[in-house]
Every structure is written in C-alpha cells, then in structure tokens.
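Colleague: In my numbering, the protein residues as written are 221 to 777.
Beta carbons: idealized from backbone N, C-alpha and C, even for Gly.
Fair warning: this is a prediction, and the values are worked out from it, not measured in the lab.
1. Which class does residue 728 belong to by DSSP, given the choice of helix, strand or coil?
2. Taking residue 269 as the reference, which of 768, 263, 277 and 254 has the closest Cα?
3. Please state the DSSP three-state secondary structure of residue 743.
4. Might you give, ordered along the chain, the residues of its own chain that have their beta carbon closer than 6 Å to the beta carbon of residue 690, omitting 5 neighbours on each side?
5. Pick helix, strand or coil for residue 295, following the three-state DSSP scheme.
6. Could you work out which residue in 474, 411, 747 and 434 is closest to residue 395 when comparing CA atoms only?
7. Throw me the rounded Cβ distance for the residue 301 and residue 408 pair, which I believe falls under 8 Å.
8. Judging by CA-CA distance, which residue of 687, 667 and 760 is the nearest neighbour of residue 722?
9. Under a Cβ-count criterion, where at least 16 other Cβ atoms within 10 Å of its own Cβ denotes burial, should residue 539 be classed as buried or exposed?
10. By Cβ distance, which residues of its chain are closer than 6 Å to residue 256, with the 5 residues on each side in sequence left out?
11. Where does residue 268 fall in DSSP's three states?
12. Looking at the structure shown, is residue 497 part of a helix, part of a strand, or coil, going by DSSP?
13. Using a Cβ-Cβ cut-off of 6 Å (strictly less than) and excluding sequence neighbours within five positions of residue 757, which residues of its own chain qualify?
14. In the structure shown, what three-state DSSP assignment does residue 262 receive?
15. Would DSSP call residue 575 helix, strand or coil?
16. My guess is that residue 492 and residue 524 are in contact by the Cβ rule of under 8 Å, so how many angstroms apart are they, rounded?
17. Could you give the DSSP three-state label for residue 491: helix, strand or coil?
18. Return the chain-ordered list of same chain residues with a C-beta closer than 6 Å to the C-beta of residue 299, the five sequence neighbours on each side being excluded.
19. Check for me: the beta strand (DSSP E) holding residue 516 runs from which residue to which?
20. Roughly how many angstroms separate the alpha carbons of residue 601 and residue 666, rounded to a whole number?
21. Suppose you measure from the CA of residue 280 to the CA of residue 486; what does that come to, to the nearest Å?
22. Would you report the Cα separation of residue 530 and residue 642, rounded to the nearest angstrom?
23. Can you look up residue 749 in the DSSP assignment and give me helix, strand or coil?
24. Terminal residues of the continuous beta strand (DSSP E) containing residue 468?
25. So for residue 415, helix, strand or coil by DSSP?
26. Hey, how far is the Cα of residue 480 from the Cα of residue 459?
27. Where residue 404 and residue 306 are concerned, what is the direct C-alpha to C-alpha distance, given to the nearest angstrom?
28. So, are the CB atoms of residue 308 and residue 318 less than 7 Å apart?
29. At 3 residues or longer, what runs of the beta strand (DSSP E) sit wholly inside the stretch 607 to 655?
30. In terms of residue numbering, what span does the beta strand (DSSP E) encompassing residue 772 cover?
31. For residue 275, collect the residues of the same chain with a Cβ closer than 7 Å to its Cβ; drop the 5 residues on either side in sequence, then sort them by chain order.
32. Considering only DSSP beta bridges, list what residue 591 is partnered with.
33. Applying the 10 Å Cβ sphere with the 16-neighbour rule, what's the burial state of residue 587?
34. Mind checking which residues open and close the alpha helix (DSSP H) that includes residue 400?
35. Excluding sequence positions up to five away, which residues of its chain have a Cβ less than 6 Å from the Cβ of residue 278?
36. In chain order, what residues of the same chain have a beta carbon less than 6 Å from the beta carbon of residue 282, not counting five sequence neighbours either side?
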C-alpha cells in the first residue's frame, strides 16, 4: 500500500473516530504499486521493476485516481477506482511494459496506478502512533491508542469496509454518522456506484445539513458516470516499410524485404502473377531477425511481360493483413531488357484476315428479283511498337462489293445497283494512357468512277489483348458511313469472343440506314493461331432484313 493511500485511510479514520493519527509507512510499500508513465496504443509503461514481483503473462489491476470531497469538512481527498486488468508483457530492471488485451472501464492514461499482487511483504508494517481526531469542527480531541497492532497493513478493500464501524465514535451525532457511513462506503468504488449510493442518501436525508455538499459531490461524480464505456480496442495491425521496385531488369532477382512494425507477426506470403492471369503463385516469406521478413518472386514470372504482386502478413491472432497491395489491386512491376539484350520480338506482330457476307433483305418483288446484300473482305498487318506514345502501326487492304436500292425505289422497275471498291489503309495507334488508346486510319481506294478516299477513328478502352470496349466511326466514298461499337472479351483464355453493333448507311442505299448486330466466337488453336466464326443480322425496316455470316483467321507471333 502506498504512502498516499495509507494517508487517505488515516484521514478517513481521523474524521470518523475523532482522534489524531500519524503513521510510518513500510519502506517496501512503494514497490507494491506503480504509476503509468507512458501510453503507446495498447502498450503501457509503468515504473515497477523486477523487485515488485511482476511476472510476465499475469494480469494485474489498474486503478484510476480521483479527487473526492469530504462531506463534512469539504477537504479534497485522493481516492481511486478500478478500471480493469492489464497483462504483464515485459518486466525490466526499473520499468515494465503492460498490454491492454480487454476493454477497460476508461481508456488508460498517464498517472493511473498499477498494483503488483506478488510484491514482497514489508519488513516493518506501518504502525499508528496516535488516535484519530474528531470529525466536526469544535469537537474535543480524545487520544486513543489501539491495544493490538496488525502484523501488516490491511488490504484496501478491507480498510473501506472497516471504516464505517469507526463512525460510531463518541461525539458524532446521527446525521454526521449517516453521511460518514455513506462516504466511507463509496471510497474505492466506481463512479456509477458512488452516484447510486449518494442518490439514495439524499432521498432519505433531504433535510441533512450536509445535503448541499453532497449534491455538489454528486454533480462532479455524474460527469464521470456519464462518460460512455470505451469500445473494445481493435488489435493493432502491422505495418511494413519497403517493397519491390516499380521496374526491374530482365534476370535481376525479384526479392522482397520488409521491415514490420506495429504488431508482432508470425510470418507472411508474397503472391505474384503475370498480367491478366487469374491465379497467383504464392511464396512464403521468411522471418529474418527481429522485425524483418524476406522472400523472392519466382524467376518464371520475371519476364518482359512484367508481373503483379501483393504481400500479406499473419498476426498473432491468426488474421491475414495486406500490407503491400491487395489481391484486387496488386502492385505492378515492369521488367525491362537487360543491358545489351535484344528486345524480345514475341507478341509484337499480328496478321488478321476476315470475310463477311450480309443479306439485307434480298427477295422477289413482283416478277423480278431484287438483290440487297454486300460482301466485305479485309486483311491487315499490325506491328506493336510499345513506345510511350505510339503503341502500334497497322497497314491493310479491303474489298467491298454490294448491291442494293433505296427503299423508295424497290417497288419500281429499277434493277439493283452494284458497287465495288478496292481500298488500302494505314493506321496509327496512340496510347495516351495504358488503359485508353486512340486509333486513326486513312483510306484510299479505286472505284469504277475513279479514286475514292475516307477515314476511320476508334477509341479503345481497355488493353488490346484483354477485355476492352471499342467505339468508332468510318466513312469511305462509294461505300458509305458507319458508326459502331464492339466489346471484346474472353470467358476462357482459349475462347475469345466479340459482340458488335453498328449503324451503316450504304452509298447505294443513301438515306436508308441499316442496323446490324454481330456475334463472333473464336478458338485459340495454338499460341499463334486463332480461328473464329461470326453471325450477323441486318435490318433496314420490318420487310427488309436478313442474316449474314463470316470467318476470320488471326496469326500472332
């Protein structure tokens, strides 16, 4: 028991029994209790060392000091109430570290008191040397000396229980005895319990001469009791410093070294994959010394395609915490050719050949057959440059051959008008960002009437070889104007698919736009060969529509 606490007991006894008492505390008493000198999250530093008897892993009580006023004298007294218990984390020579592992009545603070249950017994117990004094002003002091002394100071709780028995000393009237009895019973209790006892006292002693002081004390206690209990503290999450560089040279080891802080960890893992892959390859991180973990991404993933990764750590509670990236948003590492290495040409070239036949409502009108159809064949060669601005260059050709009439002339005697255009084009693909590309095309061709020209523009959202959306428009003399969108996706790596819609105003049917939908399913037979078939439906109005089909072949190397 501390000198301050023992002094508080003596002060209460003085008021209750009417005598003057002094005490000599035991020399070892200060080692039984300590003061919280620092709070860092859930860790608390207390000024108790090994000689206090603290044992790592045990639980010890923590108390909150509080100032109360004596209801008769009005003097301020230092008391305390329990907040809960803390776990001893580490014991040092002069300081120890405690850990909060459960919710406390109030958040811990510097100045809180901690009691060691294993402190050595004092060699010389505190011995009162005089009697207690009178509780009220003007009372005649009567010395009193106990006939027997306890071997050791009584426990804290026992002292509060014994104190009321002393309140019946001679010279203390009934009202004083009643208020002192309640006062002594509140010492060491939580604020809510003190409020309940003082409220009950005021209800039974409305005319007490000490009622105003009790109400003032009650108002002060209500402030403590009104504070909401703290939410259970979430376990601290570990944090990590260090990560892979954003770019590596081909052949360099992809090592990860992290310095961990904030909470102890049991281990962890690094998960990596190629861009666009569905599954990660996971490698266990190894603990290296105090607060460090290390690992390495497999060299099979360190290619010119680059790779994506994230890092997780396992806490002592069994929770996996992402500290670098996440599975949904991994970090990206670019892999560049080493000094003197020739660029890898694989995956930079593509040849695409495609042919479409579309019927737009060919039928017999009266005694004549009116053809409404077109055939479109195109082929192109793409070279991916992968520079910062210019992604690729494409050159290609096309042949368009169609027959048709405007809707207003179908009922007449005019025959279907044929139109054939052979053209070539050059195309540049720009990459203002890795996710958005702009494609511009210039077209030049020949028709029976001479040279023709045109242009096309497309906007692609998404990477070329993954899921992406294309929006575009095209105009070519003697062929027509077209606006379209296309969605490319891969439900399976070997099955690329396309869904496309377009509005096509053919020159041979000027003023009568055609609406067209296309669906294509492909099969990646090998790494360099993909075959695809497509179907379409074209519609000019409810009476003029038809189906179409097509094939395409793609070579990649």
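Modeller: Taking the coordinates as given:
1. Residue 728: helix per DSSP, three-state reduction.
2. When each option's Cα is compared against that of residue 269, the closest is 254.
3. In the three-state reduction of the DSSP assignment, residue 743 falls in the strand class, which pools E and B.
4. Closer than 6 Å at Cβ, skipping near neighbours: 678, 680 and 706.
5. In the structure shown, the three-state DSSP call for residue 295 is coil.
6. Nearest to residue 395 by C-alpha distance, out of 474, 411, 747 and 434, is 434.
7. Indeed they touch by this definition, with Cβ atoms about 6 Å apart.
8. With distances taken between Cα atoms, residue 722 lies closest to 760.
9. So residue 539 counts as exposed.
10. Excluding sequence neighbours, residue 256 sits near 264, 266, 330 and 332.
11. Coil, per DSSP.
12. Residue state, collapsed to three classes: coil.
13. Contacts found: 737 and 767.
14. In the structure shown, residue 262 falls within a coil segment according to DSSP collapsed to helix, strand and coil.
15. In this structure, residue 575 counts as strand in the three-state DSSP scheme.
16. Rounded, the Cβ-Cβ distance is 15 Å, inconsistent with contact.
17. If DSSP states are grouped into helix, strand and coil, residue 491 belongs with the strands.
18. Correct list, in chain order: 286, 288 and 407.
19. Note, residue 516: beta strand (DSSP E), 512 to 517.
20. Just so you know, the alpha carbons of residue 601 and residue 666 end up roughly 21 Å apart.
21. Going by the C-alpha atoms only, they are around 27 Å apart.
22. Cα to Cα, residue 530 sits roughly 52 Å from residue 642.
23. If DSSP states are grouped into helix, strand and coil, residue 749 belongs with the strands.
24. It spans 467 to 469 - the beta strand (DSSP E) in which residue 468 sits, taken as one unbroken run.
25. Note: residue 415 maps to helix in three-state DSSP.
26. Rounded to the nearest whole angstrom, the CA to CA distance from residue 480 to residue 459 is 6 Å.
27. If you draw a straight line from the Cα of residue 404 to the Cα of residue 306, it comes to about 27 Å.
28. With respect to residue 318, residue 308 sits close: the two C-beta atoms are nearer than 7 Å.
29. For the beta strand (DSSP E) assignment, the uninterrupted runs of no fewer than 3 residues enclosed by the stretch 607 to 655 are, from N- to C-terminal side, 610 to 624 and 637 to 650.
30. First-last of the beta strand (DSSP E) with residue 772: 764 to 776.
31. Once the five neighbours on either side are set aside, the close Cβ partners of residue 275 are 308 and 338.
32. None, per the DSSP bridge assignment.
33. When all chains shown are included, residue 587 counts as exposed.
34. Where residue 400 is concerned, the enclosing alpha helix (DSSP H) stretches over 394 to 406.
35. Within its own chain, the residues whose Cβ lies closer than 6 Å to the Cβ of residue 278, once the five positions on either side in sequence are excluded, are 308, listed in chain order.
36. Apart from the 5 residues on each side of it in sequence, residue 282 sits with its Cβ closer than 6 Å to the Cβ of 303, 306, 332 and 334 in its chain, given in chain order.
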